Each structure stands twice: as C-alpha cells, then as structure tokens.
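> First residue of the sequence shown? That's 8 in the numbering used here, and the numbers climb one at a time after it.
Each residue gets a CB set at the ideal place from its N, CA and C atoms; glycine is no exception.
A quick note: this is a predicted structure, and the numbers were derived from the prediction, not measured.
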Amino acid sequence: MSLLEAIIFGIVQGLSEFLPISSTAHIVITQLVFGYSFPGLAFEIFLHIASVFAVVFYFWKDVWNVTGGFLRFILKRKKEDRLMFFFGLYIIIATVITGGLGYVFSDAVGDGMKSPAIIAGALTLTGFALIFIERFHKTGSRTPENMNSLDAVIIGLGQTLAVLPGISRSGSTLVVSLLRGLDRETAVRYSFLLAIPVILGSTVLGINDVSPEMMHYIGPVNLIVSFIVTFFFSVIGIVWLIDFLKKSKLIYFAAYCFALAAFVFFYIDPATIIDI
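1) So, with DSSP's three-state summary, where would you put Leu-26?
2) Counting Cβ pairs, one atom from each stretch, are 3 or more of them under 8 Å apart for the region 235-255 and the region 21-32?
3) Per DSSP, which residues does Arg-149 bridge with? Please list them.
4) Any idea if Val-35 is buried or exposed, counting beta-carbon neighbours within 10 angstroms, 16 or more meaning buried?
5) In the DSSP assignment, find the alpha helix (DSSP H) that holds Ser-156 and state where it starts and stops.
6) Can Gln-38 and Ala-101 be called in contact, C-beta distance under 8 Å?
7) Within this structure, are the beta carbons of Phe-92 and Phe-80 separated by less than 8 Å?
8) Taking its Cβ as the centre, do 16 or more other Cβ atoms sit within 10 Å of Glu-152, making it buried, or is it exposed?
9) May I have a chain-ordered list of the beta strand (DSSP E) segments no shorter than 3 residues that lie completely inside the region 65-110?
10) Out of Ser-198, Glu-87, Arg-187, Ile-104, which one is the CA nearest neighbour of Val-63?
11) Could you check whether Ile-162 and Val-183 sit closer than 8 Å to each other, using their CB atoms as the reference points?
12) Is Thr-74 buried or exposed, if buried means 16 or more other CB atoms sit within 10 Å of its CB?
13) List the whole-angstrom C-beta distance separating Leu-185 from Thr-146, where the pair is believed to meet the contact cut-off of C-beta under 8 Å.
14) Would you tell me roughly how many angstroms separate the C-alpha atoms of Leu-10 and Pro-227, rounded to the nearest one?
Right under this line is the structure:
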C-alpha cells in the first residue's frame with residue numbers, strides 16, 4: 008500500500024463512518040477499486056478505532072456525564088443522576104443485543120455477503136429506509152427523559168442489520184430511533200454514543216486478525232497515517248452531519264446510496280468477492 012492509498016482509505020473511513028451511507032461498503036468498494044484484499048477485519052477495525060476516538064473527542068462532555076452519572080447513581084442513588092444512569096443503561100442494552108447477535112451472525116456474513124451484488128442491494132435498502140423515515144413518518148418529540156428499555160432493544164436489533172455491508176450502522180440506528188419517536192437531536196446523540204461500545208466490542212472480537220503479515224502488508228507508517236487521517240475526517244463527518252441534519256433532509260443521503268448502488272452493480276465485476 009502506498010502512502011497516498013493509506014490517506015484515501017483514511018478519508019473514506021472517516022467521512023463515511025457516521026454518515027448513513029455504510030462505511031463498510033465504502034471500504035470494500037475502495038478495496039475493489041485499488042485491487043486490495045486485506046486478510047481478516049484487522050485493518051477495518053483499526054480504522055474504526057480512530058473513528059471511536061473522534062466520537063470521544065467530540066462528545067467528551069456527554070461521555071463524561073453519562074459515565075459519571077451512571078456510576079454515581081449505582082453508588083449513591085442520587086436523583087439528579089437517574090437520567091444519565093438510564094441513558095447509559097439503554098446504551099448497554101442495545102450494545103449487548105447488537106454484540107450478541109453480531110457474534111452469532113458473524114460467521115454467516117462471509118465472502119459471499121461482501122460481493123458487489125449484495126452491497127448494491129443493501130445500499131438500495133438503506134436508501135429506501137431513509138426515504139421512508141423522511142417522507143412517510145412524522146418526526147417524534149421524545150427526549151432521553153422519555154426513552155425506555157424497549158427503545159434500546161429495538162434500536163439494538165436495528166443496529167444488528169449493519170453486519171451486512173451496505174447497511175449503515177449510523178443509518179440503521181437513526182432510522183429506528185426516529186421510528187420509535189425520538190427527536191432528531193436525541194436520535195443522533197444516541198447513535199453516536201452507541202458507536203463507542205459497539206466498535207470497541209468488534210475490536211475485541213477481531214483482535215485475532217491482527218498479525219505481523221497484516222502489518223507488513225500495509226506498512227507501519229501507512230497504518231499510522233491512515234489512523235490519523237481517519238480520526239481527522241471522522242471529526243469533520245460528525246460536525247458536518249450534525250449541522251446538516253439541522254437544515255437538510257436524509258433524503259439526500261438516500262439519493263447518494265442509490266447512485267452508489269448503481270455504480271457498484273453496473274461497474275464492479277459481479278464475480279468479485281473481497282475478504283476483509
């Protein structure tokens with residue numbers, strides 16, 4: 008891998024991780040374009056960790072408040088910490104469901120599921136879901152104070168769909184959160200904070216894929232550069248998405264998903280399968 012390619016992979020991962028357009032699909036497509044086949048999930052997980060750092064960096068106050076409130080309520084049972092305790096609990100519930108089902112289905116999502124045809128189909132499904140939530144569903148007004156355990160369970164189930172490349176994790180959590188009647192600010196905040204334990208959990212599961220061969224294949228300098236670039240562009244993606252959703256519609260992301268699906272279906276070799 009060249010330094011330029013490492014930068015490109017970092018930009019692609021950083022910008023696509025938190026937008027409802029599937030970062031996994033973009034990484035796979037980028038591999039197809041450059042003709043790479045990374046062994047295992049190690050490189051993708053490595054870039055995901057950089058994205059997690061970006062979330063913690065941007066939402067550090069929320070992370071601090073939720074973590075602190077959760078622990079203080081357990082230890083001291085103070086009324087003022089009750090909201091943060093339950094918000095943290097809902098993050099844990101959704102994470103356990105996503106992690107458990109993701110682990111069960113991880114073996115089923117093999118090479119065949121990462122073919123261009125599957126990616127194109129999943130991107131199309133993501134596009135239709137975004138159109139539905141934007142055009143045919145009334146925006147809710149529920150805030151963290153109104154959330155419950157059933158919300159966490161259903162959102163966790165929705166997030167599990169992102170095991171399929173082309174189904175966006177952020178997109179699925181946003182759509183399901185909005186379907187549950189959460190307002191946009193709560194849905195976005197919950198989706199971002201939920202990314203932290205989910206991605207860290209996938210890192211633990213994929214740690215066996217880290218090998219000297221992978222380090223040699225990519226190169227230590229390229230790994231460091233791609234990590235830094237991913238972090239930087241993940242922050243840009245977070246800031247841009249939050250600002251975008253205040254003024255614009257998810258339907259624009261749906262149009263992008265349709266266009267990308269068409270590109271994958273018509274211009275990527277249907278027989279190509281990438282093992283990442």
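Result, derived from the coordinates:
1) On the sequence shown, position 19 is the one that residue 26 refers to. Coil, per DSSP.
2) Judged by pairs of C-beta atoms under 8 Å, the region 235-255 touches the region 21-32, as three or more such pairs exist.
3) Walking along the sequence shown from the start, residue 149 turns up at place 142. Looking at the DSSP assignment, Arg-149 forms a beta bridge with Leu-189.
4) Here residue 35 refers to the residue found at position 28 when the sequence shown is read from its first residue. With 16 or more Cβ atoms within 10 Å of its Cβ, Val-35 is classed as buried.
5) For the purposes of this step, residue 156 is identified with residue 149 of the sequence shown, where counting begins at 1. For Ser-156, the enclosing alpha helix (DSSP H) starts and ends at 156-167.
6) Position 31 of the sequence shown holds residue 38. Position 94 of the sequence shown holds residue 101. Cβ atoms of Gln-38 and Ala-101: not closer than 8 Å.
7) Here the question's residue 92 lines up with position 85 in the sequence shown. Here the question's residue 80 lines up with position 73 in the sequence shown. Phe-80 is positioned such that its CB atom lies closer than 8 Å to that of Phe-92.
8) For the purposes of this step, residue 152 is taken as residue 145 along the sequence shown, with counting starting at 1. When all chains shown are included, Glu-152 counts as exposed.
9) Within the region 65-110, no beta strand (DSSP E) run of at least 3 residues lies entirely inside it.
10) To locate residue 63, count along the sequence shown from 1; it is residue 56. Taking each of Ser-198, Glu-87, Arg-187, Ile-104 in turn and checking the Cα distance to Val-63, the smallest one comes out for Ser-198.
11) Looking up residue 183 in the sequence shown gives position 176. Looking up residue 162 in the sequence shown gives position 155. Yes. Within cutoff.
12) Here residue 74 refers to the residue found at position 67 when the sequence shown is read from its first residue. Residue environment: Thr-74 is assigned as exposed (fewer than 16 neighbouring CB atoms within 10 Å of its CB, all protein chains considered).
13) Against the sequence shown, residue 185 aligns to sequence position 178. Against the sequence shown, residue 146 aligns to sequence position 139. Right, their Cβ atoms sit about 7 Å apart.
14) Against the sequence shown, residue 10 aligns to sequence position 3. Against the sequence shown, residue 227 aligns to sequence position 220. Cα-Cα distance, rounded: 11 Å.
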